[in-house]
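For any residue, its number in our numbering is found by taking its place in the sequence shown, counting from 1, and adding 69.
Structure first, commentary second.
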Amino acid sequence: METLTLRPGEDQAGRRADVWLSEAVDGLTRSAAARLLEEGLATCGGKPLAKSARLTGNETVEVLLPEPEPVDLIPQDIPLDVVYEDGDVIVVNKPKGLVVHPAPGHPDGTLVNALLFHCGSSLSGVGGALRPGIVHRIDRDTSGLIIAAKNDLAHRRLSAQLQDHTLARTYECIVVGNLRQDSGAVDAPIGRHPTDRKRMAVVPGGRVAVTRWQALARFPGFTHVQCRLETGRTHQIRVHMAHIGHPILGDTVYGAKKPVPGLHGQCLHAVGLRFRHPRTEAPVELSCPLPAEFLEQLQKLSARR
């Protein structure tokens, strides 16, 4: 089991323990949080914490996370656009619609299944049974570069680079509206939406999240933007751009109410990746072109000028 030590801030005082715990642990649903509490796996001051208990905002909570139940991951011959590969890492240009790893509702047909077919048994186990090799994630309907580790050494060193921000990820997107400045940063904490469990939101007491952005081109009512992540929270760019009033084009979760013709999901692409090679320490800088539907949207916007 993995042990987490959590310290809710004063702004969390009065919140139910199960609600807070589900927001404090990335990927943990409220029902899963309630089960942990019911089974006595979350303690405060050495005593089990009840799921209906109200936080005081100055306690320390110890949480035991059980190992994921074993599953049989099936290698599947799913085409991969490999941008870089050696004995330690593989970088893939992920298409829209491809889920990164198995999850409820997506037991197979994922990037992990494709990597198992392509790499065989040569994937790290640090990420757990469901995520072999996966160092970081991108959303199903976001395309672009994602890196996977082929051994535990590479995984640990790449994960360390994520933590100290030397593994740099650059995205491009089209946002609704015209940004007033040419560049800026959004520094706003992200956590689970207080009422919609499927969404993230900027919330008090959320996890630190920083996105730096730069306007690349302006169109009537829209802006082509480059974003650089300093942290990697779930849906970070989508949440941050919506938070400042400029949701991403096609994002029906955080922005538009209806899909955009010719665009599947949000217009967001992971265009660049820079890291130190985990074994040689040599700098590696990679990029991939914008997908066809992204370019089509830029062409449509250019025609409006």
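All C-beta atoms in this analysis are idealised placements derived from N, C-alpha and C, irrespective of residue type, glycine included.
Just tell me which of the options has its CA closest to the CA of residue i.
i, options, result
"residue 317", "89, 85, 204, 363", "363"
"residue 356", "368, 224, 220, 216", "216"
"residue 84", "104, 72, 127", "127"
"residue 91", "206, 104, 348", "104"
"residue 160", "151, 290, 166, 167", "151"
"residue 208", "301, 120, 112", "301"
"residue 281", "297, 260, 115, 290", "297"
"residue 242", "257, 220, 308", "308"
"residue 175", "299, 368, 200, 74", "200"
"residue 254", "77, 299, 332, 100", "299"
"residue 287", "252, 153, 273, 279", "252"
"residue 163", "153, 156, 149, 154", "149"
"residue 289", "303, 372, 277, 239", "372"
On the premise that residue j lies in contact with residue i, defined as a C-beta separation below 8 angstroms, what is that separation, rounded to the nearest angstrom?
i, j, result
"residue 339", "residue 323", "About 17 angstroms; that fails the 8 angstroms criterion."
"residue 341", "residue 214", "7 angstroms"
"residue 347", "residue 227", "5 angstroms"
"residue 106", "residue 120", "4 angstroms"
"residue 206", "residue 169", "5 angstroms"
"residue 80", "residue 102", "With a Cβ gap of about 19 angstroms, residue 80 and residue 102 do not count as contacting."
"residue 337", "residue 211", "5 angstroms"
"residue 76", "residue 125", "Contact doesn't hold; Cβ gap of about 11 angstroms is too wide."
Please classify residue i: does DSSP put it in a helix, a strand, or coil?
i, result
"residue 158", "strand"
"residue 139", "Note on residue 139: pLDDT 49, under 50, position unreliable in the model; the coordinate value appears next. Coil at residue 139, not helix or strand."
"residue 84", "coil"
"residue 374", "coil"
"residue 339", "strand"
"residue 175", "strand"
"residue 100", "helix"
"residue 358", "coil"
"residue 369", "helix"
"residue 245", "strand"
"residue 302", "coil"
"residue 278", "coil"
"residue 270", "strand"
"residue 200", "coil"
"residue 206", "coil"
Is the separation between the beta-carbon of residue i and that of residue j shorter than 8 angstroms?
i, j, result
"residue 237", "residue 158", "no"
"residue 294", "residue 283", "yes"
"residue 325", "residue 319", "yes"
"residue 246", "residue 260", "no"
"residue 370", "residue 291", "yes"
"residue 222", "residue 204", "no"
"residue 147", "residue 183", "yes"
So if DSSP puts residue i in a beta bridge, which residue, or which two residues, is it bridged to?
i, result
"residue 288", "291"
"residue 283", "252, 295"
"residue 116", "113"
"residue 218", "158"
"residue 212", "338"
"residue 310", "Residue 310 is not bridged to any residue."
"residue 345", "352"
"residue 131", "74, 112"
"residue 153", "160"
"residue 239", "297, 341"
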